[in-house]
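The block underneath contains the structure these notes are about, expressed in structure tokens.
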Amino acid sequence: MTLQHCPACDGNGGRYAVTSIGNGFLRCGLCAASGQVTQEQIEQYREGQAFRVEREGREEGLRECAKRLGVSPTQLSRFERGEAKL
Ligand SMILES: [Zn+2]
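Take the sequence shown: its letters are residues 58 to 143, numbered as in the working numbering.
Structure, rendered in structure tokens:
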């Protein structure tokens, strides 16, 4: 299987961020911090992104949308980041 550059973290495996518990490295959930993903993961990531753009275009909130679809906001959020299927 050919691995490709992770589009979510730009191949860096994650990013540094300031969080409520301090500064830290947030591991990329899409590539599990490896910086590389499969073609299937890239397609899932694009699908999630397109879904979020469409949802935001409808001005529908994450929680509202999750409720409508009958999934948890966490599940929906992971789907939009390409990390899970619905
Ligand atoms: Zn990544």
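Ideal placement from N, C-alpha and C gives every residue a C-beta, glycine not left out.
Not one heavy atom of ligand 1 is found less than 8 Å from the C-beta of Gly-105. Nearest Cα to Lys-142 within the set Gly-118, Glu-113, Gln-106: Gln-106. Arg-138: not part of any alpha helix (DSSP H); DSSP gives it neither H nor E. Using a cutoff of 8 Å, the CB of Leu-87 counts as near ligand 1, since one of the ligand's heavy atoms is closer than that. Residue state for Thr-59 is assigned as coil, using DSSP reduced to three classes.
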